[in-house]
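Written out below as structure tokens is the structure these notes cover.
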Amino acid sequence: MYREISIQYLKGVGPSWRKKLIKLGIYTLGDLLYYFPFRYHDKRKVSLIRELEENREALIEGKVLVRNLRYPKKKTPFTRLGIFEALVSDGKDKILCVWFNQPYLKNVIKVKDKLWIFGKVRRYKNRLCFICPEFERAEDSLNLGRIVGVYRVKEGMSQRRLRRIIFENLKRYAHLIEEPLPFYIRERFNLPNINKSLWQIHFPSDLEEIEVSRKRFIFEELFFSQILIFLRKAKRRLRKGVAFSLKQSVIDRIKQKLGFQLTVSQKETLSHLFEDMKKDYPMCRLIQGDVGCGKTAVALFAIGVCISNGYQAAFCVPTEVLAYQHFLTISNIFKDLGYKAEILVSSLPGRKKGEIIKKLRKGEINIVVGTHALLEEEVKFKNLGLVVIDEQHKFGVAQRVLLSKKGNNPDCLVMSATPIPRSLALSLYGDLDLSIIKERPPGRKEPTTFTVSEKDREKVYSFVREKLKEGRQAFFVFSVIEESEDEDIFSLERMYERIKNEFSSFKVEALHGRIKSEEKERIIKEYAEGRIDVLVATSVVEVGLNVENATVMVVENPEKFGLAQLHQLRGRIQRATFDSYFILILRENLSENAKKRIKILENTNDGFKIAEEDLALRGPGEFFGLRQTGFSKSYLANPLKEMELLKEARKIAYEVIRKDPFLKNSCHRPIKEHLNFWLSFFQRDSEGS
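Counting in the working numbering, the sequence shown runs from 293 upward without gaps.
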């Protein structure tokens, strides 16, 4: 198949350029042809020589009348290899073109050659000239006299050379290029064929062609992403999983231990979850919900169902701080029911870690809470029945699969406090069944969010001091631990001693990723018990640190955090029954974009609205992280901007798989034949980042 031809066999690709193309993620002819321009220069406007102005860029077409390579008597670094000059005429007027230190041009530019010349017009020896302009033969131009695509390249890579390589190989292999989209789909959406589209997107003759071909390739990418999602979902339902039975006594005990009434959304989600767990194929469900909506409480019921059936449960989280918080919650819920929980994180001493791994293999541990340490090869289970992944946007599909492979098709529950529109969530995570918890438990107050300037820092300290005297607790959050070259960034190390001095009559502790495991556990426990008044921390407290008495959070350099991340941080003080305050200390020279993001945070506490704004401002790649969806390093598609086209692509992909799940119909043969290309692209995107 043409897409799988290795770049080492392509015209114009020697050993040096092979290495360069690999750096761009180009391994095959398919990768090369689908490496599209990210913008275009319109170099079609041709000027007459008489119209040229000094210090203005211009494009002319002309014939070489005279050429000459001369060596000045007085040599400089610019002239030691000679000066090549060509006098060019457009039929009415003439202009001199000058190139320094390029003697090889004597063998390239000949008298009577018709050239495109592009560059800035300069004054040289008291006359207007082109100094070192770009040039191409008019009859063979890819770079001048036309609309020219601009590609994302690494330093030292020539746009011209890449453009030539694409041109030569598109021309050479055009007869082999197969259409991946069935005719009835192209006809339905008025999309041009593959061959025409490739020429139009790389070497367009007008601007309209670019838009038409871009739409075609965006649709193709979205369509195949949805086909792969539906196939993955169908394949999962063919696997034999665990059909759990519900033990009502365990469910009732968990409700009793939680000590609060479930919301309507939580009950609906639990109903879907229990139905999933009773089926004989593995559950794979995503729970979305805003900060503080009670997703963890729902996960506790799934864990209870799993372990009461004699299976083990693994709870995977992105940070050690969150791991310890969940471990304390889970231990408190399940120890009275006779179940054993443990924590497994990378910073545990080797001996302790080894003991836990040994007990997991023997089945002596019912629930393990851990970080990426759970993914290590040596971690094995006796009978893993449930995988729970919190903050799923910080894990990739490959990691989810790796953890699931440690059991015999266990159920999988993933949770996210970064809510996105339902239609987008279905398209990005369509292999997962989706539940959305829309409401928070009643009686919880929204924090008041306000900004202050750096010069008002003392007023902030005074305010925090008053709240501490009332018996409340506080967070101070920093974006970095150590000093950086940017003096405007306040680091934790720089400010910790100052904060300790400011609050000398209170207990102040620091919490960040470099602290040893046992120390982290002690700090989290003491803060939760109210024995620490002020916690000075990095974003490790972003998720999962739930302390009802903490009512103030002060964030330094909030512009260094993502909008959704700031909302997550605000969630740490959203649970209290007291009034709470989220204070952002802003530096003076803040960018307009940063001010805009922070204004959004001030105006709303709705996580769904904030996530949409964050997506719009940062784009899906940065928002989700590169490991996520297959869109983060896409060819062209931006699912947020192409929402309507994404819906259409999802709809037609669903129709295809519903009617022809094995793609046996002859009209769907092209889809089946091109699946590997798209699968390798999306996998490379999620695993190689």
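Quick reminder that beta carbons are idealized off the backbone N, C-alpha and C, glycines included.
Here the structure is a predicted model, which is why all the values come from computation and not from measurement.
- Going by beta carbons, ASN658 and ALA605 fall inside the 8 Å limit.
- Annotation for SER638: no beta strand (DSSP E) segment contains it, and DSSP assigns it neither H nor E.
- Setting aside the 5 residues that flank it on each side, TYR631 is surrounded in the same chain by ILE599, ASN658, ILE659, each with a C-beta closer than 8 Å to its C-beta; the list follows chain order.
- Runs of the beta strand (DSSP E) spanning 3 or more residues and lying entirely within the stretch 600-675 occur at 604-608, 633-636, 659-662, in chain order.
- For the options ILE902, CYS576, PHE392, GLU940, the alpha carbon positioned closest to that of ASN701 is the one of CYS576.
- With fewer than 16 other Cβ atoms from the protein chains shown falling within 10 Å of its own Cβ, LYS527 counts as exposed.
- Out of GLU894, ASP725, GLU503, the CA that lies nearest to the CA of VAL706 is found in ASP725.
- Put simply, the backbone Cα of PHE607 is about 26 Å away from that of LEU855.
- ARG414 has CYS421 as its beta-bridge partners, per DSSP.
- In this structure, ILE546 is the residue among ILE546, LYS672, TYR363, LEU666 with its C-alpha nearest to the C-alpha of ASP628.
- LYS792 sits in a helix when the DSSP states are folded into three classes.
- Under the 10 Å beta carbon count, ALA665 is surrounded by 16 or more other beta carbons and is classified as buried.
- Your pair PHE900 and ASP582 checks out as a contact, with CB atoms roughly 7 Å apart and the cut at 8 Å.
- For THR371, the secondary structure class from DSSP, reduced to helix, strand or coil, is coil.
- For TYR332, the enclosing beta strand (DSSP E) begins and ends at 331-334.
- Within the same chain, and ignoring the five residues on either side of MET787 in sequence, the residues whose Cβ sits closer than 8 Å to its Cβ are PHE768, PHE770, VAL828, GLU848.
- Between the stretch 726-740 and the stretch 805-825 there are fewer than three C-beta pairs closer than 8 Å, too few to call the two in contact.
- One alpha carbon belongs to SER638, the other to LEU530, and they sit about 35 Å apart.
- If you ignore the 5 residues before and after LEU436, its C-beta comes within less than 7 Å of the C-beta of LYS335, LEU351, TRP408, PHE410, GLU426, GLU428, all in its own chain and listed in chain order.
- Only residues of its own chain outside the window of five on either side were considered, and among them VAL542, ILE543, ILE546 have a CB closer than 7 Å to the CB of GLY596, listed in chain order.
- Classified as exposed, LYS532 has fewer than 16 neighbouring CB atoms from the shown chains inside 10 Å of its CB.
- The straight-line gap separating the alpha-carbon atoms of ARG455 and SER298 is approximately 18 Å.
- Only exposed fits ALA466, as fewer than 16 other CB atoms lie within 10 angstroms of its CB.
- Residue pairing by DSSP places ASP725 opposite ARG577 in a beta bridge.
- Of the other Cβ atoms in all chains shown, 16 or more fall within 10 Å of the Cβ of LEU876; this residue is therefore buried.
- Its chain contains ALA591, PHE607, LEU705 as the residues whose beta carbon lies nearer than 6 Å to that of VAL680, once the 5 sequence neighbours on both sides are disregarded; these appear in chain order.
- SER489 and VAL504 have their C-alpha atoms spaced approximately 8 Å apart.
- Residue pairing by DSSP places GLN765 opposite ALA842 in a beta bridge.
- Classified as exposed, GLY383 has fewer than 16 neighbouring CB atoms from the shown chains inside 10 Å of its CB.
- In the three-state reduction of the DSSP assignment, TYR363 falls in the coil class, being assigned neither a helical nor a strand state.
- DSSP places ASP572 outside both helix and strand once states are collapsed to three, so it counts as coil.
- In the DSSP annotation of this structure, the continuous segment of the alpha helix (DSSP H) that includes PHE481 starts and ends at 475-481.
- Judged by their CB atoms, TYR326 and ILE469 are not nearer to each other than the 8 Å cut-off.
- Linking GLU851 to VAL413 through their CA atoms gives a straight-line distance of about 43 Å.
- Taking a contact to require three or more Cβ pairs closer than 8 Å, the stretch 959-968 and the stretch 493-504 do not qualify as touching.
- For ALA945, the enclosing alpha helix (DSSP H) stretches over residues 935-951.
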